[in-house]
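Comments concern the structure below.
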């Protein structure tokens, strides 16, 4: 297992948001059903998480930093929830954190425990390092049959070849972790104001949860 | 002839054309962050007594680098929402204040507030229960003018 590495940020983006970071971490792991220990962990987490905490969350430093970043990027966090708030809302709607497989549970655990969102890509389908940049007019999100055009100027997470996900959005389906995946590329976006240790903790929480050996 | 009113200085519209907008955008981002903090504080302080409808601004469309104008609109929209939320909170605060005064009066002169009823939530107190002005000893109390304030018992037991 390697240490998290800093991704690249387009100079135009870095100039506007100098403390925005992308971190990535390669992990050799496969997706699959969650073990009972993970489901138990989610159940315990559900018990700790209630309505008042969900409401008060927006005042906590890390979730607040993501709300502010959303606003700075033109996204209304009261309409398109930040990842941690979306997870909290789902918890309240369903009455608990529901297990949806090892990877989904590991990502959920990371965001709920730390407030920092983590995404995963199939490492075999990523070329070079990851970074954040605005999309150009001729690009599509993902590659292959399922690729679709991306609006020019949208901020995307991209590799050397092209965009793989819209920033804070789902990853392109053909780059997502599948049953054939043997290694994953975890990545996280560090909002300005969020201490690096939180991001590191999120990535390690996820890695640890994926390690079922 | 003496000019009493000095003319307003004319602002040259070209001013600012070549000015670096970076500083202005930074300032706007700081203002947005501050307003977001204040909005969050208002929402949290209202919970759970006051239900606030946070109306999304809409017009999203995905993450992008905002222009100066977009940042200004973002800031102005937040200001409007913060004002709305604060006015709701102020109205709620005034209502609670009125209810507290009413409760004090009910306790002082129950006879003047026959059958008046106030819930704990009406005076921003947690839990269940309500104060009600009722006659002492039922019908006899009603005829004799013996009135008292009774606080009903707490929340119903969970079944």
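Protein chains in written order, with the numbering used here: chain V, 1083 to 1295; chain X, 258 to 416.
Where a beta carbon is used, it is the ideal one built from N, C-alpha and C, also for glycine.
When DSSP states are grouped into helix, strand and coil, residue 1286(V) belongs to the helix group. Within chain X, no residue has its CB atom less than 8 Å from the CB of residue 1167(V), the nearest being about 11 Å off. Within the same chain, and ignoring the five residues on either side of residue 1103(V) in sequence, the residues whose Cβ sits closer than 8 Å to its Cβ are 1088, 1089, 1091, 1271, 1272, 1278, 1281.
From the beta-carbon of residue 1221(V), no residue of chain X is found nearer than 9 Å; the closest lies around 14 Å away. Residue 1135(V): member of the alpha helix (DSSP H) spanning 1133 to 1138, first to last residue. The alpha-carbon separation between residue 1101(V) and residue 327(X) amounts to approximately 21 Å. With distances taken between CA atoms, residue 278(X) lies nearest to 325(X) out of 298(X), 325(X), 394(X). With a cut-off of 8 Å on Cβ pairs, the stretch 1214 to 1223 of chain V is not in contact with the stretch 1148 to 1163 of chain V, counting fewer than three such pairs.
Within the DSSP bridge table, the entry for residue 407(X) names 389(X) as partners.
Counting only Cβ-Cβ distances below 8 Å, residue 1091(V) has no contacts in chain X at all, with the closest Cβ about 12 Å away.
In this structure, the beta-carbon distance from residue 1166(V) to residue 1145(V) falls below 7 Å. Pairing residue 380(X) with residue 406(X) gives a Cβ-Cβ distance that is not under 7 Å. At least one CB atom of chain X sits nearer than 7 Å to the CB of residue 1157(V). Not a single CB atom of chain V sits nearer than 7 Å to the CB of residue 345(X). By the Cβ neighbour-count rule, residue 297(X) is buried, with 16 or more other Cβ atoms within 10 Å of its own. Counting only runs that start and end inside the stretch 1171 to 1196 of chain V, there is no beta strand (DSSP E) element of at least 3 residues.
For residue 382(X), the closest Cβ of chain V is not nearer than 7 Å.
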